[in-house]
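Student:
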Amino acid sequence: TLLGALLALDGTAFGQFMVSRPLVAGTLAGWALGDAALGLLLGGILELYFIPVFPVGGGEFPEGAPPAVVAVATAWALPGPGGVALGVFLGFVWSRLGSASIVGLRRLNGSLAPDPAQGPVSPGRVAGAQLAGLGLDLLRGGVLTLLGLLVGGWLAGHLVGVWPLTWGLTLGLLVLGASVPAGALVVALGGWKRRGGLFGLGLAMAVLGSLLL
Amino acid sequence: MTTPTACAQVSVFLRSFLIQGSWNYRTMLGGGFAFAILPILKEIYRGDPPGLQAAIQRHADHFNCHPYLADLALGAVCRMEAEGRHPEEIRRFKLAVKGPLGSLGDALVWVGWRPAVVLASLALALAGASPGVTVAFFLVLYNLGHLLLRVWGFRLGWEGGSQVGDALRSLALPRQAGRIAGAGMFLLGAVVGLVLARDITPGPWAVLAWCLAAVGLGLGRQVGQRGWRWNLWAVMGVIGLVFLHGWVE
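Residue numbers (this note's numbering), protein chains in the order written: chain A, 1 to 213; chain B, 1 to 249.
1) Considering only residues of the stretch 69 to 103 of chain B, which uninterrupted alpha helix (DSSP H) runs meet the minimum length of 4 residues and lie entirely inside it, listed in chain order?
2) I need the DSSP call for N64 of chain B, collapsed to helix, strand or coil.
3) Report all residues from its chain with a CB closer than 7 Å to the CB of A113 of chain A; omit the five preceding and five following residues, and keep chain order.
4) Touching or not, the stretch 119 to 129 of chain A and the stretch 87 to 100 of chain A, by the rule of three or more beta carbon pairs under 8 Å?
5) Using 8 Å as the Cβ pair cut-off and three pairs as the minimum, do the stretch 157 to 174 of chain B and the stretch 180 to 197 of chain A touch?
6) Using the beta-carbon of each residue, which ones in chain B are nearer than 9 Å to T166 of chain A?
7) Mind checking whether G102 of chain B and L69 of chain B have CB atoms under 9 Å apart?
8) Is there a C-beta anywhere in chain A that falls below 9 Å from the one on A70 of chain B?
9) So, are the CB atoms of A184 of chain A and V223 of chain B less than 9 Å apart?
10) Do you know offhand how far G110 of chain A's Cα is from S22 of chain B's?
11) What distance in whole Å lies between the Cβ atoms of F243 of chain B and V93 of chain A, which are believed to be in contact at a cut-off of 8 Å?
12) Within the 9 Å Cβ cut-off, does G250 of chain B reach chain A?
13) So for M1 of chain B, helix, strand or coil by DSSP?
14) Are the beta-carbon atoms of W152 of chain B and C78 of chain B separated by less than 9 Å?
15) Pairs of beta-carbons, one from the stretch 232 to 248 of chain B and one from the stretch 23 to 39 of chain B, closer than 8 Å: are there three or more?
16) Would Q9 of chain B be called buried (16 or more neighbouring beta carbons within 10 Å of its own) or exposed?
17) Can you list, in chain order, the residues of its chain whose CB lies under 8 Å from that of T3 of chain B, leaving out five sequence neighbours each side?
18) Quick check: what's the CA-CA separation for F93 of chain B versus A181 of chain B?
19) Would you kindly work out how many angstroms separate the C-alpha atoms of M205 of chain A and A190 of chain B, rounded to a whole number?
20) Can you tell me where the alpha helix (DSSP H) holding D166 of chain B begins and where it ends?
21) Using a threshold of 9 Å, state whether the C-beta atoms of A209 of chain B and G172 of chain A are closer than that.
22) So with CB distances below 7 Å, who are the chain B contacts of Q16 of chain A?
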């Protein structure tokens with residue numbers, strides 16, 4: 001819970017050093033649970049889905065850190081491909097809940113932040129609103145992560161042996177879904193006509209390298 | 001001109017890391033901007049509480065730009081405040097730079113640098129790097145660019161003051177953003193290639209996987225960035241159905 005809360009702060013309120021990205025948050029959560037490779041796998045999968053969404057202006061974007069922590073903890077509690085599928089599922093649900101809670105927090109910040117049009121603004125009021133915003137974001141991240149861990153633990157306990165697919169099919173399904181955001185990222189990076197050659201070059205080099213090695 | 005102490009300048013720079021702490025839909029970065037610039041304003045308006053109050057009032061108003069490039073605006077506004085520029089001139093300056101600094105930061109960092117470093121890290125992981133190496137590579141490389149951009153922006157803003165726009169134009173940063181996006185495109189191709197070539201055994205399944213991946217890429221190209229929500233719902237729906245199938249079986 002503390003890890004989710006601290007990493008959530010990095011998402012918007014403090015620093016944006018990107019420790020809140022699923023790739024980092026997932027691996028750190030895996031480390032804390034003693035399985036960093038599982039954390040990297042879950043974090044990497046979530047990253048592939050979230051990568052083409054940018055926090056531009058006041059636009060909505062998927063929250064990264066608490067969902068990654070919840071996803072990894074769930075997958076750890078339910079070993080096997082079913083745990084990974086359930087972790088990704090909950091990671092997506094919690095990313096949407098995280099987005100909604102960020103919108104709510106920003107509205108709340110609006111009522112706490114001093115309004116220069118309404119009257120005098122003191123230095124203390126400015127600093128108070130800033131610290132309140134940071135504290136509320138920390139609390140938001142903690143509550144979100146705690147709820148996710150409780151739901152994930154409960155579901156993992158009730159879905160043992162239910163997932164019918166193999167590791168290969170499970171990862172194939174998840175990677176296939178990630179090809180859609182990859183296509184969206186192609187558009188954001190300049191499109192096929194402008195930079196498709198570079199995409200092809202990277203693809204060819206990776207395939208050749210894999211075959212040769 | 002009132003020359004602020006180095007301590008006040010460092011304090012403003014460090015506070016810029018909290019600039020989005022009270023982000024809201026009314027003043028956006030306004031409160032954070034006023035919070036960050038406070039140490040320098042306290043020095044400039046020492047012994048003049050009404051002057052300090054008026055300055056805070058002005059800076060707490062609406063402002064928005066990319067959080068990393070806000071350092072550039074902060075540096076320039078600190079300089080203008082130290083030079084005793086007219087409040088209306090400072091207000092107009094902030095109004096003029098917020099749009100360009102927002103779009104430039106979005107192109108340079110959110111669309112360029114961040115996806116490129118994420119993709120490079122994923123390629124590294126797919127090539128067999130350990131989780132620790134992958135995460136360390138991502139954090140060090142990303143934050144090298146991040147921190148350099150913040151430090152460079154603050155210094156450029158402080159040195160350029162109200163003329164910082166001219167210095168910014170001469171650097172042709174949109175061209176650099178294009179180059180980073182090109183590197184990102186190459187890395188995206190590499191990640192797709194590594195996933196498909198590394199984990200899928202050659203044969204009919206491989207052909208099917210490549211075809212489905214191509215369909216997915218084409219679909220993503222059609223829906224663009226706005227399709228991220230329904231894609232999450234679609235994958236959640238499939239996972240839910242598979243669990244339901246397993247439950248019934």
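Glycine included, each C-beta is placed from N, C-alpha and C at the ideal position. If you're wondering where the values come from, they're calculated on a predicted model, not measured in any experiment.
Tutor: Quick answer:
1) DSSP assignment within the stretch 69 to 103 of chain B yields the following whole alpha helix (DSSP H) runs of 4 residues or more, N-terminal first: 70 to 82.
2) coil
3) A129
4) no
5) no
6) Simply none; closest approach about 12 Å.
7) yes
8) no
9) yes
10) Cα to Cα, the separation comes out at about 8 Å.
11) V93 of chain A to F243 of chain B, Cβ: 13 Å. No contact.
12) Within the shown structure, residues of chain B are numbered from 1 to 249, placing residue 250 of chain B beyond reach of any answer.
13) M1 of chain B: coil per DSSP, three-state reduction.
14) no
15) no
16) The residue is buried, with at least 16 neighbouring Cβ atoms inside 10 Å.
17) A82
18) 30 Å
19) 7 Å
20) 164 to 170
21) Yes, Cβ-Cβ distance for A209 of chain B and G172 of chain A is below 9 Å.
22) P67
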